[in-house]
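Visitor: For reference, each letter of the sequence shown is one residue, going 426 to 501 in my numbering. For every residue, glycine included, the Cβ atom is placed at its ideal position computed from N, Cα and C. From a predicted model like this one, the values you see are computed outputs, not experimental measurements.
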Amino acid sequence: MAGKQKQGVGTETTGSTGTQTKAISPHEEQVTGKGTGESADKPSKILAEARKMAQAGDEQGCMKKLAEIKGLIGEK
426 MAGKQKQGVG TETTGSTGTQ TKAISPHEEQ VTGKGTGESA DKPSKILAEA
476 RKMAQAGDEQ GCMKKLAEIK GLIGEK
């Protein structure tokens, strides 16, 4: 057996490969904080809005957006 290598080993994709995931149980929804079908990129969109506000000089609006992101990701 020494020197023999396993032949025919490939790669396999398991699970979802899409950008949007759905909670499959109430527990998963509670843990991830995402409702079924909710987009996972929502915090990044809000962050982009916050950056635009900061660049425009709207510090209060920017801080509100950042607080909203913290609420989405469970940092409150």
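#1: Taking the continuous alpha helix (DSSP H) assigned at Ala481, which residues delimit it?
#2: Looking only at its chain, what residues have a beta carbon closer than 6 Å to the beta carbon of Lys490, apart from the 5 residues adjacent to it on each side?
#3: Considering only the beta carbon of each residue, do Leu497 and Lys467 sit closer than 8 Å?
#4: Note down the Cα distance separating Ala481 from Gly499, rounded to an integer number of angstroms.
#5: Just verifying my parser: in three-state terms, what is the DSSP assignment at Thr448?
#6: Given Ile494, which residues of its chain have a CB within under 7 Å of its CB, disregarding the five upstream and five downstream residues?
#7: Kindly list the residues whose CB is nearer than 6 Å to the CB of Cys487, restricted to its own chain and excluding five residues on each side of it in sequence; keep chain order.
Guide: Let me spell this out:
#1: Taken as a continuous stretch (DSSP letters only), Ala481 belongs to no alpha helix (DSSP H), as it is neither H nor E.
#2: Ile471, Glu474, Ala475
#3: yes
#4: 28 Å
#5: Thr is not the amino acid found at residue 448; the sequence shown has Ala there. It is coil, neither helix nor strand.
#6: Pro468, Ile471, Leu472
#7: Ala475, Met478, Ala479
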